[in-house]
């Protein structure tokens, strides 16, 4: 019998009938549900029975929370972010023995006496089969569908739960997600909780090794999506100071504390450190068990679970001066031309209707951040899943996108792989750099968009796809069509709404956006540093060819590299390279003719305005007064050039 049929309401009703006669029909139940029913039967817990549900007193609950203080502190910000993402669900955090520590999100009540709240004990002896209790016994993620809850045959909710483990594999507690039983893809919620559990475990490992370098290891490039398979901590001299249990299996060698990393990886440690000093880089590591993908993080540069949820290249949300958070989409289009911003808002309505959206813009302009903003604005219950078509070898893209069955090809994972399209069901799939997708895959993708079904590799069954599709590319896809590098029919299928992202220099509110990004960086690194007005003016006038990515890198390295006691960032605090680059953007001679930077002197606002005016006037003269041509040469929009000319002449 297929697995989907086993967990149907009709089959569960038959299993309940047999249970009343004292028989647990294990062949009709999911194995973990069958074992739970057996335990319930042994303890006299049967369908239709009534049991008083114990609830802790306030004093007992306070003591229990204090004993789980570490778990609560680590999980609180993550649960708050998750509750904001999954607004129609109830999150339940329990102790190791399935006693509710706290809840957040929507409140579900099975009946007046069964309001799931802090202090309730979800032990099977009183509550019957339920996700936290089953996860506690199974020591594994579980799904309990509505009718599988033993004491509640007409339960309106389903639940998923995962154990929360520390780096030593000790259980800290259980995380449960309760949702309406009519939701068609409960596996998505289970996968989301597993991601949270892995993130929390990783954060605890990195917190334990805050002063060390941390190497993320992954055995399969297709799985390298931020949820790593193993972690390794290394001190500054290249000596291993800690590792997760699965690291040994991943690398195929015995690892002990004190092992030299160079002997293990076969690469000079000093070179690896230089390569990753300013940020995590994707590395290919040759180990005895084969090539492993990895990222190396410098000490205290780990981006934790909440950061992974909330941050993107251009910061999808911004904290205003009064402490409020502005909605992501409004923040992202704040400095755009009104017509471009209107298209971005139109894209939200198009995605809600199930139609695709195409984002086009220069590298680093924030296409992924905008895609996340669109996803959040639609209110989709499913996840946001991103796939960079240019970062995955051509031979692997098809399996990564469409998934595959077990044994579909040599090296296929046991149990198969669902693929990014199905992972994103109920949510949004971003196909980044779609212009780099092979033509053969473009034909398959076109069929998926038209038929709303996907056939995984090695299978013959069609699986419905409900993911909204956002495609993005820095290439001009119409030109790619004309040159034969992109399918014309796929382009017209994607171009319902085309959002053209402006470059950073074309945005009208650059000063405000620099301020907002600086506030986010101050919060991330827990510093309070004032940007000088002269430096802010230079930053706002620089053309930023690398867009948001270049701006963030400039500000982040300046903040991190500033002396600990400093409370102000001036132009001379930047590296000589950045001083030269910023001054050249407002110096009449242009590149290669900048004036020396005086370390002790700060340019006055008047001097900067005069230099800016001279530079813009030279550009206008060189282009015979043509505003459009001059603005293109300066790397700014025509409206920005006009506004700055007016400001400089005042």
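Residue numbers (this note's numbering): 139 to 788. Beta carbons are placed, not taken as given, at the ideal position from N, Cα and C, and that holds for glycine. Note that this is a predicted model, so its numbers are computed, not measured.
Practice task
Counting only the same chain and skipping the five closest in sequence on each side, list residues whose C-beta sits under 8 angstroms from that of residue 704.
Solution key: Excluding sequence positions up to five before and after residue 704, its CB lies within less than 8 angstroms of the CB of 667 and 711, all in the same chain and listed in chain order.
Handout entry: Buried/exposed call for residue 401, threshold 16 Cβ in 10 Å
Key = Residue 401 is exposed by the Cβ-count criterion.
Exercise for the section: Could you check if residue 742 is buried or exposed, using at least 16 other CB atoms within 10 Å of its CB as the buried criterion? Expected result: Residue placement at residue 742 is poorly supported in this model, since its pLDDT is 44, which falls under 50; the coordinates still yield a value, given next. Residue 742 counts as exposed, since fewer than 16 other beta carbons sit within 10 angstroms of its beta carbon.
Handout entry: Coil, strand or helix - residue 225 by DSSP
Key = Three-state DSSP puts residue 225 in coil, outside helix and strand.
Problem - Pair within 7 angstroms by beta-carbon distance, residue 271 and residue 289 - result: Going by C-beta atoms, residue 271 is not nearer than 7 angstroms to residue 289.
Exercise for the section: Let me know the secondary structure DSSP gives residue 381 once reduced to three states. Expected result: Strand, per DSSP.
Problem - According to DSSP, residues forming a beta bridge with residue 193 - result: Its beta-bridge partners are 258.
Exercise for the section: Compare the beta carbon distance of residue 573 and residue 613 with 7 angstroms and say whether it is the shorter of the two. Expected result: For residue 573 and residue 613, yes; Cβs fall inside 7 angstroms.
Problem - Three-way DSSP call (helix, strand, coil) for residue 429 in this model - result: Residue state for residue 429 is assigned as strand, using DSSP reduced to three classes.
Problem - Residues sharing a beta bridge with residue 602, DSSP - result: BP columns for residue 602 point to 591.
Practice task
Tell whether a beta-carbon distance below 7 angstroms holds between residue 331 and residue 313.
Solution key: Yes, they are a contact pair.
Problem - Backbone CA spacing between residue 557 and residue 751 [nearest angstrom] - result: Residue 751 has its alpha-carbon roughly 54 angstroms from the corresponding atom of residue 557.
Handout entry: N-terminal and C-terminal residue of the beta strand (DSSP E) that residue 310 is part of
Key = Residue 310 -> beta strand (DSSP E) spans 309 to 318.
Practice task
Measure from the alpha carbon of residue 397 to the alpha carbon of each residue in 421, 383, 245 and 372, then state which is nearest.
Solution key: Relative to residue 397, the option among 421, 383, 245 and 372 whose CA is nearest is 372.
Handout entry: Spatially closest choice to residue 485 from 636, 629, 474 and 229, by CA coordinates
Key = Selected option, being the one with the closest Cα: 636.
Exercise for the section: Starting from the Cα of residue 274, find the closest Cα among 240, 236 and 257 and give me that residue. Expected result: Taking each of 240, 236 and 257 in turn and checking the Cα distance to residue 274, the smallest one comes out for 236.
Exercise for the section: Could you please give the first and the last residue of the uninterrupted alpha helix (DSSP H) stretch that includes residue 686? Expected result: Run containing residue 686: 685 to 699, per the alpha helix (DSSP H) assignment.
Handout entry: Three-state class that DSSP yields for residue 557 in the structure shown
Key = Residue 557: coil per DSSP, three-state reduction.
Problem - Rounded separation between residue 380 and residue 369 - CA only - result: Computed Cα separation, rounded: 9 angstroms.
Problem - Segment contact flag, the stretch 678 to 686 with the stretch 638 to 650, C-beta cutoff 8 angstroms, min 3 pairs - result: Below 8 angstroms, enough C-beta pairs join the stretch 678 to 686 and the stretch 638 to 650 to call them touching: three or more.
Problem - Distance, residue 539 Cα to residue 561 Cα - result: Distance between the alpha carbons of residue 561 and residue 539: 9 angstroms.
Exercise for the section: Pair every Cβ in the stretch 261 to 268 with every Cβ in the stretch 157 to 177, then say whether three or more of these pairs are closer than 8 angstroms. Expected result: Segments in contact, yes.
Problem - Reduced DSSP secondary structure (H/G/I, E/B, other) of residue 240 - result: Residue 240 falls in the strand class under three-state DSSP.
Exercise for the section: Could you spell out where the alpha helix (DSSP H) holding residue 152 opens and where it closes? Expected result: Where residue 152 is concerned, the enclosing alpha helix (DSSP H) starts and stops at 147 to 158.
Practice task
Starting from the Cα of residue 588, find the closest Cα among 319, 605 and 596 and give me that residue.
Solution key: Residue 605 is the option with its Cα nearest to residue 588.
Exercise for the section: Measure the alpha-carbon distance for residue 317 versus residue 324 and round it to whole angstroms. Expected result: When rounded, the distance between both Cα atoms is 9 angstroms.
Practice task
Could you tell me the distance, in whole angstroms, from the CA atom of residue 528 to the CA atom of residue 192?
Solution key: Per the coordinates, the alpha-carbon of residue 528 lies some 55 angstroms from the alpha-carbon of residue 192.
Exercise for the section: Measure how close the beta-carbons of residue 437 and residue 507 come, nearest whole angstrom, since I'm counting them as under 8 angstroms. Expected result: By a beta-carbon distance limit of 8 angstroms, residue 437 does not contact residue 507. Their separation comes to about 27 angstroms.
Problem - Buried versus exposed call for residue 696 [16 or more other C-beta atoms within 10 Å across all chains shown] - result: By the C-beta density criterion, residue 696 is buried, having at least 16 other C-beta atoms within 10 angstroms.
Practice task
Locate the beta strand (DSSP E) running through residue 300, then write down its first and last residues.
Solution key: Taken as a continuous stretch (DSSP letters only), the beta strand (DSSP E) holding residue 300 covers 295 to 303.
Practice task
Take residue 338 and list the residues in its own chain whose beta-carbon comes closer than 8 angstroms to its own, dropping the five residues that flank it on each side.
Solution key: Around residue 338: 212, 213, 216, 302 and 443.
Practice task
Name the residue from 355, 476, 377 and 376 whose alpha carbon lies nearest to the alpha carbon of residue 390.
Solution key: Considering only alpha carbons, the answer is 355.
Problem - residue 709 and residue 675 closer than 7 angstroms at C-beta - result: Residue 675 is positioned such that its CB atom lies no closer than 7 angstroms to that of residue 709.
Problem - Backbone secondary structure at residue 181 - three-state DSSP - result: DSSP places residue 181 in coil when its eight states are reduced to three.
Problem - DSSP three-state assignment for residue 624, whether helix, strand or coil - result: Assignment of residue 624 by DSSP, reduced to helix, strand and coil, places it in the coil class.
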